[in-house]
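Report on one structure; see the data block that follows.
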Amino acid sequence: IKYHYEDIVRDALAINSMQQIKRLAQEQITITISISLPLSYSSTIFVRSDENRMEILITGPDRTPYSNGCFIFDVYFPNEYPTTPSSINLETTGNHTARFNPNLYNDG
Numbered sequence: 001i002k003y004h005y006e007d008i009v010r011d012a013l014a015i016n017s018m019q020q021i022k023r024l025a026q027e028q029i030t031i032t033i034s035i036s037l038p039l040s041y042s043s044t045i046f047v048r049s050d051e052n053r054m055e056i057l058i059t060g061p062d063r064t065p066y067s068n069g070c071f072i073f074d075v076y077f078p079n080e081y082p083t084t085p086s087s088i089n090l091e092t093t094g095n096h097t098a099r100f101n102p103n104l105y106n107d108g
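So the sequence shown is numbered by the UniProt record's numbering: it starts at 1 and just counts up by one.
If you want it as structure tokens, here you go:
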């Protein structure tokens, strides 16, 4: 499965420890559970991760231009995280043809 940050992750694996990766996975679960995101059939956030990568699927809420849409993002946490921000790339672009709003570019 294609992953936008594959080359960066491959290089970083030599540096990243399993402890850091486990911490990120645990942090992800804690954040997902602890914050008050609305949970409904029309708008949901799904997170999938393993030791090398993280993907997020967000479904668009009802009565918005994003309704019934599924938006996939690849996420990368650099070695310096959390002092350096994570990188997030929008993968749902129709092969670089769709731009959903000024903040979601067709090149990710």
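Where is the CB? At the ideal position from N, CA and C, for every residue including glycine. From a predicted model like this one, the values you see are computed outputs, not experimental measurements.
Does the beta-carbon distance from residue i to residue j come in below 8 Å?
i, j, result
"D107", "Y5", "no"
"I58", "F71", "yes"
Below 7 Å CB to CB, which residues in the same chain sit around residue i once its five sequence neighbours on both sides are set aside?
i, result
"A98", "N106"
"I8", "Y76"
Label residue i either buried or exposed according to how many other C-beta atoms from any shown protein chain fall within 10 Å of its C-beta, with 16 as the threshold for buried.
i, result
"residue 113", "Shown here, the chain extends from 1 to 108; a query on residue 113 therefore has no answer."
Can you tell which of the options has the C-alpha that lies nearest to the C-alpha of residue i?
i, options, result
"T64", "K2, T93 and F100", "F100"
"P82", "E55, E27 and Y41", "E27"
"S67", "N95, M54, L104 and S42", "S42"
"D62", "G94, T84 and T44", "T44"
"G60", "R53, D50, M54 and F46", "F46"
"D50", "N103, P102, Y3 and L104", "Y3"
On the three-state DSSP scale, how would you describe residue i?
i, result
"residue 117", "The question about residue 117 has no answer here: the residues shown for the chain are numbered 1 through 108."
"E80", "coil"
"E91", "coil"
Could you name the residues of the same chain whose beta carbon sits closer than 6 Å to that of residue i, not counting the 5 residues immediately before and after it, in chain order?
i, result
"T93", "N106"
"R48", "E55"
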